[in-house]
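Residue numbers (the UniProt record's numbering): 1 to 96.
All C-beta atoms in this analysis are idealised placements derived from N, C-alpha and C, irrespective of residue type, glycine included.
Report on the following structure.
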């Protein structure tokens with residue numbers, strides 16, 4: 001998969017994926033209950049609630065909980081996330 005940024009007469013055009021067409025942004029994937037997330041590769045100007053292809057979130061659970069599912073979600077060129085949100089489940093030790 002190859003992406004290109006074209007510059008013609010000092011005008012920049014959006015990134016295009018030669019096999020998929022235009023690359024879309026991903027919406028905010030959301031937070032998880034009993035846990036938190038960190039944006040792994042923040043753009044310096046990242047201020048909106050949409051994310052570019054290649055950006056990713058890493059999810060973590062609070063103490064006493066274990067993560068079920070993928071802990072890293074990657075924004076794909078299609079504008080979708082690489083997997084569903086993980087969940088934090090109370091560990092057996094933490095159950096009373």
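Subject >> Contacts around residue 83, its chain only, beta-carbon distance under 8 Å, and the 5 residues preceding and following it disregarded >> reply: 69, 70, 73
Original post:
Starting from residue 99 and walking both ways along the beta strand (DSSP E), at which residues does that stretch end?
Top reply: One cannot answer for residue 99 here, as it falls past the ends of the chain, which runs 1 to 96.
Original post:
residue 118 to residue 54, Cα distance in whole Å?
Top reply: Outside the shown range of the chain (1 to 96) lies residue 118, about which nothing can therefore be said.
**OP:** Locate the beta strand (DSSP E) running through residue 88, then write down its first and last residues.
**Re:** 87-90
Subject >> Candidates 59, 41, 40: closest to residue 30 by CA position >> reply: 59
Subject >> Own chain partners of residue 79 with C-beta closer than 7 Å, once the 5 adjacent residues on each side are dropped >> reply: 24, 25, 26
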